[in-house]
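J.:
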Amino acid sequence: MPSSRPAFSRDVIAQSLLTAATVLVLGLVLLRMVVAFSPRIYWDVSPLSGDAITTAELPVTMFGPAGAAWLDVASLAAAALALGAHVLARGRLNWSLATLFLCGASVAGYHAATTPADAWQTLAWISAVALALAAAHLAEHHHLRRFIVAALIAMILPLTIEAVLYVTIQHPQTVAYFQQHEAQTVAEHGWAWESPQHLIYRRRLLTPEVTGAFGLSNVMGSITGALTLLASVLAGATLWRGWRNRWGWALFSLTLLGLLTVVLTRSKGAMLALLLAGSLPLCIAVLRWRFGSRPVKGWWRRVPATLALLLVALAVAAVLLRGAMGPPADATGERSLLFRFHYWQAGIAIVADQPPLSQLLGIGPAAFKPLYSLHKNPLNPEDVTSTHNVMLDLLVMLGLGGLAWCGLMLRHMWKAGIASLPAEQPSPPPPPPAQAPAQASPEIAQQRWVWPAAVLAVLVFAPQYWLQLPTFLAETIVPWMLGVAGFVAIVIGLSRLQVVDEAWVQAALFSAAAMLLIHNQIEMSFFHVSSAVPAWFVLGVAGGAGGWRLRQTVARWHPWLAGGLVVAMLAGSLTLAVGYASPLTAQQEAMRRAVAAVAHHDLPNAMSNLRQAQALMPADPAPVSAQVELLLAQAQWLANEPASPQRDQQLKQVFTQALALLRQARQQGAAPTQLLQTEAQTLAFAAEVLQEPYWRQEALEVWRELVKLQPHSLASRLALAETLWDAGQVDEARQTYQTALKLSDDARLDPLAQLTQAQRQRIAARLR
Numbered sequence: 001m002p003s004s005r006p007a008f009s010r011d012v013i014a015q016s017l018l019t020a021a022t023v024l025v026l027g028l029v030l031l032r033m034v035v036a037f038s039p040r041i042y043w044d045v046s047p048l049s050g051d052a053i054t055t056a057e058l059p060v061t062m063f064g065p066a067g068a069a070w071l072d073v074a075s076l077a078a079a080a081l082a083l084g085a086h087v088l089a090r091g092r093l094n095w096s097l098a099t100l101f102l103c104g105a106s107v108a109g110y111h112a113a114t115t116p117a118d119a120w121q122t123l124a125w126i127s128a129v130a131l132a133l134a135a136a137h138l139a140e141h142h143h144l145r146r147f148i149v150a151a152l153i154a155m156i157l158p159l160t161i162e163a164v165l166y167v168t169i170q171h172p173q174t175v176a177y178f179q180q181h182e183a184q185t186v187a188e189h190g191w192a193w194e195s196p197q198h199l200i201y202r203r204r205l206l207t208p209e210v211t212g213a214f215g216l217s218n219v220m221g222s223i224t225g226a227l228t229l230l231a232s233v234l235a236g237a238t239l240w241r242g243w244r245n246r247w248g249w250a251l252f253s254l255t256l257l258g259l260l261t262v263v264l265t266r267s268k269g270a271m272l273a274l275l276l277a278g279s280l281p282l283c284i285a286v287l288r289w290r291f292g293s294r295p296v297k298g299w300w301r302r303v304p305a306t307l308a309l310l311l312v313a314l315a316v317a318a319v320l321l322r323g324a325m326g327p328p329a330d331a332t333g334e335r336s337l338l339f340r341f342h343y344w345q346a347g348i349a350i351v352a353d354q355p356p357l358s359q360l361l362g363i364g365p366a367a368f369k370p371l372y373s374l375h376k377n378p379l380n381p382e383d384v385t386s387t388h389n390v391m392l393d394l395l396v397m398l399g400l401g402g403l404a405w406c407g408l409m410l411r412h413m414w415k416a417g418i419a420s421l422p423a424e425q426p427s428p429p430p431p432p433p434a435q436a437p438a439q440a441s442p443e444i445a446q447q448r449w450v451w452p453a454a455v456l457a458v459l460v461f462a463p464q465y466w467l468q469l470p471t472f473l474a475e476t477i478v479p480w481m482l483g484v485a486g487f488v489a490i491v492i493g494l495s496r497l498q499v500v501d502e503a504w505v506q507a508a509l510f511s512a513a514a515m516l517l518i519h520n521q522i523e524m525s526f527f528h529v530s531s532a533v534p535a536w537f538v539l540g541v542a543g544g545a546g547g548w549r550l551r552q553t554v555a556r557w558h559p560w561l562a563g564g565l566v567v568a569m570l571a572g573s574l575t576l577a578v579g580y581a582s583p584l585t586a587q588q589e590a591m592r593r594a595v596a597a598v599a600h601h602d603l604p605n606a607m608s609n610l611r612q613a614q615a616l617m618p619a620d621p622a623p624v625s626a627q628v629e630l631l632l633a634q635a636q637w638l639a640n641e642p643a644s645p646q647r648d649q650q651l652k653q654v655f656t657q658a659l660a661l662l663r664q665a666r667q668q669g670a671a672p673t674q675l676l677q678t679e680a681q682t683l684a685f686a687a688e689v690l691q692e693p694y695w696r697q698e699a700l701e702v703w704r705e706l707v708k709l710q711p712h713s714l715a716s717r718l719a720l721a722e723t724l725w726d727a728g729q730v731d732e733a734r735q736t737y738q739t740a741l742k743l744s745d746d747a748r749l750d751p752l753a754q755l756t757q758a759q760r761q762r763i764a765a766r767l768r
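Each residue of the sequence shown is one higher than the one before, counting from 1 in this note's numbering.
As structure tokens, this is what we get:
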């Protein structure tokens, strides 16, 4: 009679830790799919405009910079714990993946220390690639891989429910509210009525595109499309095995729901990428039919991966071909791919114009937008923060580190494609003894995934409920609860699902990963803070699945070196928590107190809190901009007083203090272009109130500097022309007006980015 296994043997503990680590990693990934992120949640809308108390008391329904930072801390720690559990379970670390991760992470960390804007972006990328590294190793355990795949597919249900509720309830209510309060909304944002910002905002708001928590319809379409393809391949494999399989029909139903969500996003790129990537499982099916029960050998095994690379290249070629065709005559022609071509042109020009060190290490994500304004095509009316190409983004912003991560992406897809066909060993080795079905009764085997699924649901949906409870309506809370319950049921059911063989699971993951890389040659899912994590995670699972490297003999130094990597990642997480997340949390709390103080008309307390926030994060422009706004409000109040030498002296002191704050912040690297614009507007206000040539001349110099930084900015050029005209420099003003007219004509591909009729009439009168 075989001896009973110790209750706390290494294998039992390792498997328990692996399951717990998988749940934690998945929770951090899926949470970003249901809760929105914003780099600025306090003073995003000025508390001085509209109803100040109402503005200050608006609930925070998304993760701000502090919440994002703590999630990054948790993600890096969770990835380290998952790798440690994998090694404890006799797994072997893939050092090629780890090396590529560390190469990219080191450069990204270098940029994270530059400005809060860089940290916002690069820390999310480090978290994304770290979780993908963990996923690649967790996916080597076939029972964990089934659980991960089940959770990804199950997310289709809550995402679809959210999309349908948005189209049928939330968007109509939002449009109705906007139409009733349009003037107030425009004023709160500081826009002029019928200005380009106002018109573009109105156009986007009135379009019922589903964006989900991502805020961008193309990103929502990209992520949902990948999950849909994952479900569709497994649905086909399951129903082929037996058409009466109820889980096969459940997968088919989830596929239809996913397709509905992609359609509701109105993302043409996601639909086309889904169609192109859908050819990959068909190719795999043909190859399996040709070889029958024999393992696929030789160059045939590389056919799916090669086809995926060709499809990625096809997306790139489509943009290049569209760029070679030239612009359309007006805004009715095709512009989407053309604009991508313009982004790529600017990205390459930016790199070519950088010093050698920036070419090697990249410019950082925060520098892209101002440099794009300097290098962009005059025909393109948009200002963007990304090239909308994942490979080019990484190369431009992270240099050699980005090159390492590009290699990591392609490696994941290539390995996933090769493993999507049955190998020479047609069946995987038996699961670890702690998970062996023979040691558990059928009832225990059926309940194995109940608690992991329940805990996962809590990790994902409890934060969503906590943040978004104030926005839940009576007609939305019930569907949301059904979505959560359905998520748990689907995860439990699909975790036990056995398709024909594991190769079809791998084929599904490969197709989903390929879809993401195809679409993101023209989109920014890998750039966006929230979508980068699930996008990288799918790549990691696809690249790691099918490895079967467990329990292999490894060198004696391997556990020690692997332990060093785990400790280094945990140390990085701790450093991030102490050096960045903690002071950022204190800064955000100071910003919150400042907004509350303004709401209660306690301006000295608001200024004190804003100074504290500035001291905690000197390179963050938000506290400085807020202080300047309060000072200008004080100046406006003084300007309404009767003119007197004492009043003018007080005004000069206020304006001097505001300008000193702006210039000090620029010296510390806080968003120079944004602060320059505020400085120019402050000087223009001072010139208008004080009627002294000095202030107007200072404003002219700042506007000239802005025009050099933004040669294609119509707004900056027009402001310079107006200031020149007011200063009596008529000839230069007329030349600047002519340039503004040309910039407006160049923006013909987006009429909303052109001069309004009233502005044209004003300019025409001055050019006579």
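Idealized CB from N, CA, C, for every residue including glycine.
In this text the structure is predicted, and so the values were computed from the model without any measurement.
1. Could you give the distance in angstroms between the alpha-carbon of valine 628 and the alpha-carbon of asparagine 377?
2. Take tryptophan 405 as the anchor and find which of Leu102, Pro59, Ile763, Tyr166 has the nearest alpha-carbon.
3. Which value, in whole angstroms, describes the spacing of the CA atoms of alanine 639 and proline 604?
4. How big is the Cα-Cα spacing for leucine 338 and leucine 311?
5. Look at alanine 139 and isoleucine 153 and say whether their C-beta atoms are less than 9 Å apart.
6. Classify phenylalanine 472 as helix, strand or coil using the three-state DSSP reduction.
7. Work out the CA separation of tryptophan 344 and leucine 314 for me, nearest whole Å.
8. Going by C-alpha to C-alpha distance, which of Leu97, Arg340, Thr332, Ser232 sits closest to glycine 323?
9. Can you tell me where the alpha helix (DSSP H) holding phenylalanine 339 begins and where it ends?
10. Nearest by alpha-carbon distance to valine 460: which of Ala20, Met33, Thr19, Trp120 is it?
11. If you reduce the DSSP assignment to three classes, tell me which class glutamine 435 lands in.
12. Should proline 426 be labelled buried (16 or more other beta-carbon atoms within 10 Å of its own) or exposed?
13. Can you list, in chain order, the residues of its chain with a C-beta nearer than 6 Å to that of proline 430? Leave out the 5 residues immediately preceding and following it.
14. Using 9 Å as the limit for Cβ to Cβ distance, is leucine 309 near chain B?
15. Any idea what DSSP makes of phenylalanine 214, helix, strand or coil?
16. I think alanine 680 touches leucine 706, with their Cβ atoms under 8 Å apart; what is that distance to the nearest whole Å?
17. From the DSSP output, which residues share a beta bridge with phenylalanine 63?
18. Excluding sequence positions up to five away, which residues of its chain have a Cβ less than 6 Å from the Cβ of serine 386?
19. Could you tell me the boundaries of the alpha helix (DSSP H) in which methionine 413 lies?
20. By Cβ distance, which residues of its chain are closer than 7 Å to tryptophan 43, with the 5 residues on each side in sequence left out?
21. Roughly how many whole angstroms lie between the Cα atoms of arginine 411 and leucine 361?
22. Look at proline 295 and serine 420 and say whether their C-beta atoms are less than 9 Å apart.
23. I'd like to know if the stretch 362–372 and the stretch 732–746 are in contact, where contact means that at least 3 CB-CB pairs between them fall below 8 Å.
24. Starting from the C-beta of arginine 717, find all residues in its chain whose C-beta is less than 7 Å away, skip the five residues before and the five after it, and write them out in chain order.
25. Taking the Cβ atom as the reference point for each residue, do valine 210 and valine 167 lie within a distance shorter than 9 Å?
26. What are the start and end residues of the alpha helix (DSSP H) that includes arginine 146?
27. If you count every other CB in all the chains shown that lies within 10 Å of the CB of methionine 325, and 16 or more means buried, which is it?
28. The alpha helix (DSSP H) spanning proline 116 covers which residue range?
29. Which residues mark the beginning and the end of the alpha helix (DSSP H) in which tryptophan 695 is found?
30. To the nearest whole angstrom, what separates the beta carbons of leucine 76 and phenylalanine 537, a pair I think is in contact under 8 Å?
31. Could you say which of Thr476, Val73, Thr22, Arg663 lies nearest to serine 582 if we only look at CA atoms?
32. Does the Cβ-Cβ distance between leucine 616 and leucine 630 come in under 9 Å?
33. Of the residues Ala113, Leu749, Ala753, Gln761, which one's Cα is nearest the Cα of glutamate 334?
34. State the start and end residues of the unbroken alpha helix (DSSP H) segment that holds threonine 385.
35. According to DSSP, simplified to helix, strand and coil, what is phenylalanine 527?
36. Proline 618 and alanine 665: beta carbons closer than 9 Å?
T.: In short:
1. Indexing the sequence shown from 1 puts residue 628 at position 628. Indexing the sequence shown from 1 puts residue 377 at position 377. Cα-Cα distance, rounded: 33 Å.
2. As a position in the sequence shown, residue 405 is number 405, starting the count at 1. Of the candidates Leu102, Pro59, Ile763, Tyr166, the one whose C-alpha sits nearest the C-alpha of tryptophan 405 is Leu102.
3. Here residue 639 refers to the residue found at position 639 when the sequence shown is read from its first residue. Here residue 604 refers to the residue found at position 604 when the sequence shown is read from its first residue. The straight-line gap from Cα to Cα measures roughly 20 Å.
4. Residue 338 sits at position 338 when you count from the first residue of the sequence shown. Residue 311 sits at position 311 when you count from the first residue of the sequence shown. Distance between the alpha carbons of leucine 338 and leucine 311 is about 19 Å.
5. Taking the sequence shown and counting its residues from 1, one reaches residue 139 at position 139. Taking the sequence shown and counting its residues from 1, one reaches residue 153 at position 153. No, these two residues do not count as a Cβ contact at 9 Å.
6. Counted from its first residue, the sequence shown places residue 472 at position 472. Three-state DSSP puts phenylalanine 472 in coil, outside helix and strand.
7. Position 314 of the sequence shown holds residue 314. Position 344 of the sequence shown holds residue 344. The alpha-carbon atoms of leucine 314 and tryptophan 344 are separated by roughly 16 Å.
8. The count along the sequence shown starts at 1 and reaches residue 323 at position 323. Here the closest residue by C-alpha is Arg340.
9. Position 339 of the sequence shown, counting from 1, holds the residue named residue 339. Unbroken alpha helix (DSSP H) run through phenylalanine 339: 336–352.
10. Locating residue 460 in the sequence shown gives position 460, counting from the first residue. Out of Ala20, Met33, Thr19, Trp120, Met33 has the C-alpha closest to the C-alpha of valine 460.
11. If you number the sequence shown from 1, residue 435 lands on position 435. Only weak support exists for where glutamine 435 lies, its pLDDT of 41 falling under 50; the coordinates are left without a value.
12. Mapped onto the sequence shown, residue 426 falls at position 426. Residue placement at proline 426 is flagged as unreliable, the pLDDT there being 43, under the threshold of 50; a coordinate-derived value is accordingly withheld.
13. Here residue 430 refers to the residue found at position 430 when the sequence shown is read from its first residue. In this prediction, proline 430 scores a pLDDT of 44, lower than 50, which makes its location untrustworthy; no coordinate-derived value is stated.
14. Chain labels in this structure do not include chain B; a single protein chain is all it has.
15. Counting from one through the sequence shown, the residue named residue 214 turns up at place 214. Look at phenylalanine 214 here: in three-state DSSP terms it is helix.
16. Numbered from its first residue, the sequence shown carries residue 680 at position 680. Numbered from its first residue, the sequence shown carries residue 706 at position 706. Confirmed, about 6 Å.
17. Along the sequence shown, one-based indexing puts residue 63 at 63. DSSP lists Phe37 as partners of phenylalanine 63.
18. On the sequence shown, position 386 is the one that residue 386 refers to. If you ignore the 5 residues before and after serine 386, its C-beta comes within less than 6 Å of the C-beta of Asp393, Met524, Phe527, all in its own chain and listed in chain order.
19. Walking along the sequence shown from the start, residue 413 turns up at place 413. In the DSSP assignment, methionine 413 falls within the alpha helix (DSSP H) that extends over 400–418.
20. Counting from 1 along the sequence shown, the entry for residue 43 is found at position 43. Within the same chain, Met591, Val595, Ala622, Ala626 come within 7 Å of tryptophan 43 by CB-CB distance, once the 5 residues on both sides are set aside.
21. The residue given as residue 411 occupies position 411 in the sequence shown. The residue given as residue 361 occupies position 361 in the sequence shown. Cα-Cα distance, rounded: 22 Å.
22. Against the sequence shown, residue 295 aligns to sequence position 295. Against the sequence shown, residue 420 aligns to sequence position 420. Contact flag unset, no.
23. no
24. As a working note, residue 717 is residue 717 in the sequence shown. Contacts found: Val707, Thr736, Thr739, Ala740, Leu743.
25. As a working note, residue 210 is residue 210 in the sequence shown. As a working note, residue 167 is residue 167 in the sequence shown. Yes, the Cβ-Cβ distance between valine 210 and valine 167 is below 9 Å.
26. Counted from its first residue, the sequence shown places residue 146 at position 146. Where arginine 146 is concerned, the enclosing alpha helix (DSSP H) stretches over 142–154.
27. As a working mapping, residue 325 is identified with position 325 in the sequence shown. Classification for methionine 325: exposed.
28. Along the sequence shown, one-based indexing puts residue 116 at 116. From DSSP, the alpha helix (DSSP H) with proline 116 extends over 116–138.
29. In the sequence shown, the residue the question calls residue 695 occupies position 695. Where tryptophan 695 is concerned, the enclosing alpha helix (DSSP H) stretches over 693–709.
30. The residue you call residue 76 lines up with position 76 of the sequence shown. The residue you call residue 537 lines up with position 537 of the sequence shown. Leucine 76 to phenylalanine 537, Cβ: 14 Å. No contact.
31. The sequence position of residue 582 within the sequence shown is 582, counting from 1. Nearest C-alpha to serine 582: Val73.
32. Position 616 of the sequence shown, counting from 1, holds the residue named residue 616. Position 630 of the sequence shown, counting from 1, holds the residue named residue 630. Their beta carbons are not under 9 Å apart, which means leucine 616 does not touch leucine 630 by this criterion.
33. The sequence position of residue 334 within the sequence shown is 334, counting from 1. Nearest of Ala113, Leu749, Ala753, Gln761 to glutamate 334, Cα basis: Leu749.
34. Along the sequence shown, read from residue 1 onward, the residue named residue 385 stands at position 385. That residue, threonine 385, is in no alpha helix (DSSP H); it is neither H nor E in DSSP.
35. In the sequence shown, counting from the first residue as 1, residue 527 sits at position 527. Reduced to three states, the DSSP call for phenylalanine 527 is coil.
36. For the purposes of this step, residue 618 is taken as the residue at position 618 of the sequence shown. For the purposes of this step, residue 665 is taken as the residue at position 665 of the sequence shown. Yes, these two residues count as a Cβ contact at 9 Å.
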